[in-house]
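Peer 1: Top line first, the protein sequences correspond to chains Z and E. My numbering applies: residue 1 is where the first sequence begins, and numbers increase by one. My numbering applies: residue 238 is where the second sequence begins, and numbers increase by one. Glycine is no exception: its CB is placed at the ideal position from the N, C-alpha and C atoms. All figures in this text were calculated on a predicted structure; none of them were measured in a lab.
There are 2 protein chains.
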Amino acid sequence: MSELRIFGVTGIGEIHPRDDLAGIIATAVADHHGGLLDGDVVVVTQKIVSKAEGQLVAVDPDDPLSHKALVEAETVRVLRRRGDLIISETKHGFVCANAGIDLSNVELGFAALLPEDSDRSARRIRDAIRARAGVEVAVIVSDTFGRPWRKGLTDVAIGCAGIGAIVDYRGTTDTQGRELQVTEVAIVDELAGAADLVLGKSTGLPVAIVRGVDPAWLRTGNVHDEIVRDPSEDLFR
Amino acid sequence: MSELRIFGVTGIGEIHPRDDLAGIIATAVADHHGGLLDGDVVVVTQKIVSKAEGQLVAVDPDDPLSHKALVEAETVRVLRRRGDLIISETKHGFVCANAGIDLSNVELGFAALLPEDSDRSARRIRDAIRARAGVEVAVIVSDTFGRPWRKGLTDVAIGCAGIGAIVDYRGTTDTQGRELQVTEVAIVDELAGAADLVLGKSTGLPVAIVRGVDPAWLRTGNVHDEIVRDPSEDLFR
């Protein structure tokens, strides 16, 4: 019987620019949860990746326009605008509210931008965890996005390493022996959402471990090439 | 430490119209997994709910047009059309490919429509599990949808009972004591996606159990009122 276990990692304090995020995560899991295992999926929320990478920009907390100018600067294409809300495409190709910039859980007077390249961030964390703890884990960098047609937000992957972003069931057959029509599942997005269930938005826990995923999923992969849809192939841009 | 366990339920055979789905699920979990517990979230994939409810329509397997006519009949609004693919709004308010109709894992010569009212389906399964097994579970009916901007499919909730579809963090504060901007999380969609990680598309397992969710989430809830966005409030319709 395949079974997943998902738990939030306790003992990770406030993160600052140039902090050794991989070391901090590996130590916290060792101290509080018995240590990382080969094949674990480490889901790291975007905010602490941005902080560790110094992706912080000063904003005037009393001037809403300074935050707004930042959103415009990070936007390559505005899809919709209503009141204060801008749905935009970022330079990374993500479509989200306010170019992925928000102010919560960041020191007053600062805003956190998305990492420059979240797939690279995930690779670096994965490599550093291997170096420090001697384990082969997968890493997902997650962020919280809205979506059209459905209310509420869900966490999705903005970067990954050591795991395929998509599992392709093409060529496999259903229980009736017919070739499957539904073929490409975005497992990194389902994993990011699953991790959010134990992190929540107000616990302050920024990292979750998903243990027990199918070993066949653990391969080279990245969000940019596998998940981000090119505007030319997109029916809604 | 809060921890989730997620496992697929073995021992559920082919489902037919008028089958006692709740009894079949409760028995399979009792026989193979030690039984259902109060607070378990039972995620049931749409296909077997539609089959048990007799939402099957004959199609000519040699005539692709008979399937297509069905899609048109179940559609209240076409959002996009490209080649064979129609992205449409169903009478339930869901926006998805081909009005949620697909042919995989259905007997040759038949197509499965979405349940008439998936929230009602979830309530009936929940009530019947309480009656048969004496446990208070939450039930989510899940289906596999695509999305704009991101490639790959994920499982989302099309119905729920005994759990809020959305958790609202409005009024709670972040680690800096500031009121949270991200406030409404679609936990039933994150749970549906998490369940898909142990079901996959070709295992044939149609039900998963998520154990260990926050008891505060277990309240009256439904997808139609909480998740389905009214077209008038939607920036992308």
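Kindly indicate which residue of Z/A192, Z/T154, Z/W149 has the alpha-carbon position closest to the one of Z/I166.
Peer 2: Within the first sequence, numbered from 1, the residue matching residue 166 of chain Z stands at position 166. The residue with the shortest Cα to Cα distance from Z/I166 is Z/A192.
Peer 1: Examine chain E for any beta-carbon lying closer than 8 angstroms to the beta-carbon of Z/G193, and answer yes or no.
Peer 2: Here residue 193 of chain Z refers to the residue found at position 193 when the first sequence is read from its first residue. With 8 angstroms as the cut-off, Z/G193 counts as an interface residue toward chain E.
Peer 1: Can you pull the chain E residues whose beta carbon is under 8 angstroms from the beta carbon of Z/S2, in chain order?
Peer 2: Indexing the first sequence from 1 puts residue 2 of chain Z at position 2. Result: F244, G245, V435.
Peer 1: Going by alpha carbons, who is nearest to E/P342 out of E/K328, E/R314, E/V286, E/D356?
Peer 2: As a working mapping, residue 342 of chain E is identified with position 105 in the second sequence. Pro is not the amino acid found at residue 342 of chain E; the sequence shown has Asn there. Minimum Cα distance to E/N342 is reached at E/V286.
Peer 1: In whole angstroms, what is the alpha-carbon distance linking Z/A122 and Z/V139?
Peer 2: For the purposes of this step, residue 122 of chain Z is identified with residue 122 of the first sequence, where counting begins at 1. For the purposes of this step, residue 139 of chain Z is identified with residue 139 of the first sequence, where counting begins at 1. Cα to Cα, the separation comes out at about 5 angstroms.
Peer 1: Under 6 angstroms Cβ to Cβ from E/T365, same chain only, skipping five residues before and after it: list those, please.
Peer 2: On the second sequence, position 128 is the one that residue 365 of chain E refers to. With the sequence shown as reference, residue 365 of chain E is identified as Ala, and Thr is not the correct amino acid for it. These residues qualify, in order along the chain: A259.
Peer 1: What are the start and end residues of each continuous beta strand (DSSP E) run of 3 or more residues lying completely inside the region 18-47 of chain Z, in chain order?
Peer 2: If we require 3 residues or more, the beta strand (DSSP E) runs fully inside the region 18-47 of chain Z come out as 41-45.
Peer 1: Go to E/E427, then tell me how far its alpha helix (DSSP H) extends in each direction, as first and last residue.
Peer 2: Position 190 of the second sequence, counted from the start, is the residue given in the question as residue 427 of chain E. Residues 424-436.
Peer 1: With burial defined as no fewer than 16 other Cβ atoms inside 10 Å of the residue's Cβ, what is the status of Z/F94: buried or exposed?
Peer 2: Taking the first sequence and counting its residues from 1, one reaches residue 94 of chain Z at position 94. Buried is the call here.
Peer 1: Do three or more CB pairs link the region 37-45 of chain Z to the region 109-118 of chain Z at distances below 8 angstroms?
Peer 2: The region 37-45 of chain Z vs the region 109-118 of chain Z: no contact.
Peer 1: Residues of chain E with CB under 7 angstroms from Z/I187, in chain order?
Peer 2: Numbered from its first residue, the first sequence carries residue 187 of chain Z at position 187. Correct list: L434.
Peer 1: Looking at chain Z, is there any beta carbon in it that lies within less than 8 angstroms of the beta carbon of E/K388?
Peer 2: Translated into the one-based positions of the second sequence, residue 388 of chain E becomes position 151. Interface residue, yes.
Peer 1: At what residues does the beta strand (DSSP E) containing Z/R80 begin and finish?
Peer 2: One-based indexing of the first sequence puts residue 80 of chain Z at position 80. Unbroken beta strand (DSSP E) run through Z/R80: 75-82.
Peer 1: Are any of the Cβ atoms in chain Z nearer than 8 angstroms to that of E/I252?
Peer 2: Within the second sequence, numbered from 1, the residue matching residue 252 of chain E stands at position 15. Closer than 8 angstroms: no.
Peer 1: Among residues of its own chain, excluding the 5 on either side of E/A431, which ones have a beta-carbon nearer than 7 angstroms to its beta-carbon?
Peer 2: Start at 1 with the first residue of the second sequence, and residue 431 of chain E comes out as number 194. Excluding sequence neighbours, E/A431 sits near I243, V447.
Peer 1: For Z/R147 and Z/T154, what's the separation of their Cα atoms in angstroms?
Peer 2: In the first sequence, residue 147 of chain Z corresponds to position 147, counting from 1. In the first sequence, residue 154 of chain Z corresponds to position 154, counting from 1. Approximately 8 angstroms between the Cα atoms of the pair.
Peer 1: So Z/I86 packs on Z/V78, CB below 8 angstroms; how close in whole Å?
Peer 2: Working through the first sequence from its first residue, we reach residue 86 of chain Z at position 86. Working through the first sequence from its first residue, we reach residue 78 of chain Z at position 78. About 6 angstroms; that satisfies the 8 angstroms criterion.
Peer 1: In this structure, does DSSP put Z/V106 in helix, strand or coil?
Peer 2: One-based indexing of the first sequence puts residue 106 of chain Z at position 106. Three-state DSSP puts Z/V106 in coil, outside helix and strand.
Peer 1: Using three-state DSSP, classify E/A359 as helix, strand or coil.
Peer 2: Looking up residue 359 of chain E in the second sequence gives position 122. Here E/A359 sits in helix by DSSP.
Peer 1: Among Z/T220, Z/I158, Z/C96, which has the Cα closest to the Cα of Z/P115?
Peer 2: Walking along the first sequence from the start, residue 115 of chain Z turns up at place 115. For Z/P115, the nearest C-alpha among the options comes from Z/I158.
Peer 1: For the beta strand (DSSP E) that contains Z/E89, what are its first and last residues?
Peer 2: Indexing the first sequence from 1 puts residue 89 of chain Z at position 89. Where Z/E89 is concerned, the enclosing beta strand (DSSP E) stretches over 85-90.
Peer 1: For Z/R152 versus E/D426, is the C-beta spacing smaller than 8 angstroms?
Peer 2: Stepping through the first sequence from its first residue, residue 152 of chain Z is reached at position 152. Stepping through the second sequence from its first residue, residue 426 of chain E is reached at position 189. It is worth fixing the name first, because residue 152 of chain Z is Gly in this sequence and not Arg. Closer than 8 angstroms, so yes.
Peer 1: With DSSP as the reference, label E/G458 as helix, strand or coil.
Peer 2: In the second sequence, residue 458 of chain E corresponds to position 221, counting from 1. Residue state, collapsed to three classes: coil.
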